[in-house]
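My numbering numbers the first residue of the sequence shown as 571 and each following residue consecutively.
Beta carbons: idealized from backbone N, C-alpha and C, even for Gly.
Read the structure below first, then the notes.
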Amino acid sequence: MATLIQLVPDAQTLVDLQPSELGAYLLEVLTGPNSPAQQGMVHLGNYVNRVEGEYDYRGRRELQQELANSISAAWNWLKVNGLLCSDTGANPAFDRVTKLGRQVADANGVRAMLSEELLPSAFLHPTLLRDARPLFMQGRFDTAVFEAFKALEVTTRAAGNYGADRIGVPLMSAAFHPDEGPLTDRTLERGERVALMSLMTGAIGSYKNPASHRKVEIQRDEAREMLILASHLLKIIDARLAAIQ
571 MATLIQLVPD AQTLVDLQPS ELGAYLLEVL TGPNSPAQQG MVHLGNYVNR
621 VEGEYDYRGR RELQQELANS ISAAWNWLKV NGLLCSDTGA NPAFDRVTKL
671 GRQVADANGV RAMLSEELLP SAFLHPTLLR DARPLFMQGR FDTAVFEAFK
721 ALEVTTRAAG NYGADRIGVP LMSAAFHPDE GPLTDRTLER GERVALMSLM
771 TGAIGSYKNP ASHRKVEIQR DEAREMLILA SHLLKIIDAR LAAIQ
């Protein structure tokens, strides 16, 4: 298992990491076979002193202090998130990896844990759990959103018995047309039926179509919200199919 300098060789790169990102690397070091922990315990100050001597600061003394502060912040992030805890024995100044920390184990495990917290499986339609969430967890946010709204389009086409030539906004307009759409809910007032059609067409037009035509840069939090919206719309279609059948 790598040391911290092997995982993040450059001091400035290390300082630029978010606490969660650096914390992920620290956990990988602490749980590895070359862990600095003695009898399962490690002291933050001792570890920082050791790591400080391994980096090249290119004559920038302030960078050394920034590195120490970054490690301290990442260490605290691990403790706040239950991956490290203070020793409860005779050495309360020392910390040890928790049971959860051992389960998470490395940087990839931390990223998966964060993804589950950011986008809980229970929030998503089964189709998106299969087709979109793995992409989200890999950080491929634009692709995850595209796949989610493509799934909405495909599901709508199948539910309305349309051919492959019906796509995008025209498809959603036809399927949820307030008077003639096979998926409209005629128990609702017409204004509500129009609103649902607008919601469906707006979602496809805003989130699926742009990604079909050009490169779209989507940030993590935006992607999460879009996937949850797509999931909600898929569940509406499921409910309409159940009511029709």
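Check                                                                                                          : Outcome
Residues near Asp657 in its chain [Cβ-Cβ closer than 6 Å; skip 5 each side]                                    : Met611, Phe664, Arg666
Thr583 classed as buried or exposed, judged by whether at least 16 other C-beta atoms fall within 10 angstroms : exposed
Stretch pair the segment 673-691 + the segment 759-775: three plus CB contacts closer than 8 Å                 : no
Through-space distance from Glu792 to Ala812, alpha-carbon basis                                               : 31 Å
Close Cβ partners of Pro589 (< 6 Å) along its chain, the five nearest in sequence each way excluded            : Ala643, Ala644, Trp647
Distance, Lys805 Cα to Thr725 Cα                                                                               : 10 Å
Top-ranked residue by Cα proximity to Gly593, from Leu633, Leu637, Arg631                                      : Leu637
For Glu598, the nearest candidate out of Leu654, Phe706, Pro696, Asp749 (CA to CA)                             : Leu654
Leu654 - containing alpha helix (DSSP H), residue span                                                         : First-last for Leu654: 654-656, but that is the beta strand (DSSP E), not the alpha helix (DSSP H).
Pairwise C-alpha distance: Val578 and Met796                                                                   : 33 Å
Alpha-carbon spacing of Arg672 relative to Ala718, whole angstroms                                             : 33 Å
Asp665 (DSSP reduced to helix, strand or coil)                                                                 : strand
Expected contact under 8 Å - CB spacing of Arg628 and Pro606 to nearest Å                                      : Actually they do not touch by this definition, with Cβ atoms about 25 Å apart.
Host alpha helix (DSSP H) of Thr583 (start-end)                                                                : 581-586
Of the listed residues Tyr617, Asn639, Glu759, nearest to Leu587 (C-alpha basis)                               : Asn639
Beta-bridge partners of Ala621, as assigned by DSSP                                                            : The sequence given here places Val at residue 621; Ala does not occur at that position. Answer is none; Val621 lacks a bridge partner.
Inter-residue spacing [alpha-carbon to alpha-carbon] between Pro748 and Arg810                                 : 14 Å
Simplified DSSP state of Val612, which is helix, strand or coil                                                : strand
Reference Lys778; option with closest CA among Leu722, Ala682, Leu633, Arg703                                  : Leu722
Test item: CB-CB of Met707 and Ser743 under 8 Å                                                                : no
Element boundaries [alpha helix (DSSP H), containing Ser801]                                                   : 790-814
CB of Ala729 within 8 Å of CB of Ile807, strictly                                                              : yes
Opening and closing residue of the alpha helix (DSSP H) in which Val764 lies                                   : 760-773
Presumed contact (8 Å Cβ cut-off) between Gly738 and Ala745, rounded CB distance                               : At roughly 11 Å, the Cβ-Cβ gap does not stay under 8 Å, so Gly738 and Ala745 are not in contact.
Of the residues Arg710, Arg681, Ala714, the one placed nearest Thr697, counting alpha carbons only             : Ala714
Per-residue burial, Asn604 [other beta carbons within 10 Å of its own, 16 or more giving buried]               : exposed
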